[in-house]
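**Student:** For the sequence shown, our numbering begins at 20 and goes up steadily by one.
My structure is below; once you've seen it, I'll send some questions.
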Amino acid sequence: MTALQKVTNTLESLPTTAFLVLDQGRTVLDHGTTTTPSFLASARKSVLSVLYGPAVADGTIRLEATLDELGIDDIGGLLPEERRATVRDLLTSRSGVYHPATAAAGPEDDAPARGTQPPGTLFLYNNWDFNTLGTIFERCTGRPISPRWPKTWRHRSVSRTSTRLVSGCSAAPTSLSTSRTTSSSPPATSAGSARCCCSRAGGTTGKSSPHPG
20 MTALQKVTNT LESLPTTAFL VLDQGRTVLD HGTTTTPSFL ASARKSVLSV
70 LYGPAVADGT IRLEATLDEL GIDDIGGLLP EERRATVRDL LTSRSGVYHP
120 ATAAAGPEDD APARGTQPPG TLFLYNNWDF NTLGTIFERC TGRPISPRWP
170 KTWRHRSVSR TSTRLVSGCS AAPTSLSTSR TTSSSPPATS AGSARCCCSR
220 AGGTTGKSSP HPG
């Protein structure tokens with residue numbers, strides 16, 4: 020039995036409607052109704068993870084950069100313990116930040132009390148983490164996450180969902196609310212100032228510093 024056959028057998032044992040694998044434009048596996056539109060939820064999480072790969076590989080984004088170093092804050096403020104969460108913690112849904120998110124996914128309803136779980140310890144499917152990752156990606160890469168990508172990025176297009184993301188990676192202090200704003204309203208003002216901790220920053224403010232290399 021080939022590896023692809025094993026994958027196909029697994030797919031048939033699950034409620035999978037469609038599964039498509041492409042490698043440099045070549046179809047590797049086409050299973051199910053891949054040509055028929057169907058309901059799809061939480062796709063941005065997988066796409067964001069893919070987009071992070073090149074940005075991490077070239078040093079634009081550091082996985083160990085903390086929310087504090089990046090100047091991330093939210094309405095009402097984050098707790099000191101929550102500010103210690105890293106980009107890696109957010110990508111693995113282990114941030115320990117249980118600040119209310121726009122359009123909660125559901126599991127957040129059972130989240131522990133804020134400040135009780137150190138970053139990197141407890142897995143919890145949490146939309147706040149991915150709302151924040153979108154903001155970090157746009158600020159550090161200068162690339163928008165929206166249906167209107169620059170031509171060179173259209174093949175990586177992903178739609179915005181529940182949060183208004185802030186573009187650019189400015190070294191100047193700015194107000195930033197990560198996950199309590201919506202795509203139809205401007206960013207809410209928060210107590211914290213946005214600072215860069217990524218290699219493309221022209222400078223830094225406060226105690227943050229550019230990626231060391």
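Virtual Cβ for every residue (Gly too), placed ideally from N, Cα, C.
Note that the structure is a prediction, hence the values are computed from the model and not measured.
If you run the structure through DSSP and keep just helix, strand and coil, what is A120?
**Tutor:** coil
**Student:** Does A76 come within less than 8 Å of chain B when only Cβ atoms are used?
**Tutor:** No chain B appears in this structure, which consists of one protein chain only.
**Student:** Nearest CA to the CA of V106: which residue from S61, P99 and Y71?
**Tutor:** Y71
**Student:** Quick one: any contact between the stretch 89 to 105 and the stretch 151 to 158, if contact means 3 or more CB pairs under 8 Å?
**Tutor:** yes
**Student:** Along the chain, where does the alpha helix (DSSP H) containing G153 start, and where does it finish?
**Tutor:** N146 to T160 is the extent of the alpha helix (DSSP H) around G153.
**Student:** Can you look up T27 in the DSSP assignment and give me helix, strand or coil?
**Tutor:** Note: T27 maps to helix in three-state DSSP.
**Student:** Starting from R63, trace the alpha helix (DSSP H) in both directions and tell me its first and last residue.
**Tutor:** From DSSP, the alpha helix (DSSP H) with R63 extends over A62 to A76.
**Student:** Is the stretch 110 to 123 touching the stretch 25 to 39 in the sense that three or more CB pairs, one from each, lie closer than 8 Å?
**Tutor:** Between the stretch 25 to 39 and the stretch 110 to 123 there are fewer than three inter-stretch CB-CB distances shorter than 8 Å, so the stretches are not counted as touching.
**Student:** Buried or exposed for R45, going by 16 or more other Cβ atoms inside 10 Å?
**Tutor:** exposed
**Student:** What are the start and end residues of the beta strand (DSSP E) that includes D49?
**Tutor:** R45 to G51
**Student:** At which residues does the alpha helix (DSSP H) containing D42 begin and terminate?
**Tutor:** Looking at the DSSP string, D42 is not in any alpha helix (DSSP H); the run it does join, the beta strand (DSSP E), is A37 to D42.
**Student:** Does the beta-carbon of E142 have 16 or more other beta-carbons within 10 angstroms, so that it is buried, or is it exposed?
**Tutor:** Residue 142 is actually Phe in this sequence, not Glu. Exposed.
**Student:** Give me the Cα-Cα distance between S65 and R102, rounded to the nearest whole angstrom.
**Tutor:** Computed Cα separation, rounded: 24 Å.
**Student:** Do you know offhand how far N150's Cα is from A76's?
**Tutor:** 22 Å
**Student:** Taking the straight line between their C-alpha atoms, what separation do you get for T121 and T36?
**Tutor:** 28 Å
**Student:** Out of N146, A74 and L97, which has the shortest C-alpha to C-alpha gap to P126?
**Tutor:** N146
**Student:** Measure the CB-CB distance between D93 and H118 and report whether it falls below 8 Å.
**Tutor:** yes
**Student:** Taking 6 Å as the limit between beta carbons, can you name the residues of its chain near S57, skipping five residues before and five after?
**Tutor:** Only T36 meet the Cβ criterion.
**Student:** Determine the direct distance from the alpha carbon of A62 to that of Q136, and round the result to whole angstroms.
**Tutor:** Going from the Cα of Q136 to the Cα of A62 covers about 27 Å.
**Student:** At what residues does the alpha helix (DSSP H) containing E88 begin and finish?
**Tutor:** From DSSP, the alpha helix (DSSP H) with E88 extends over L86 to L89.
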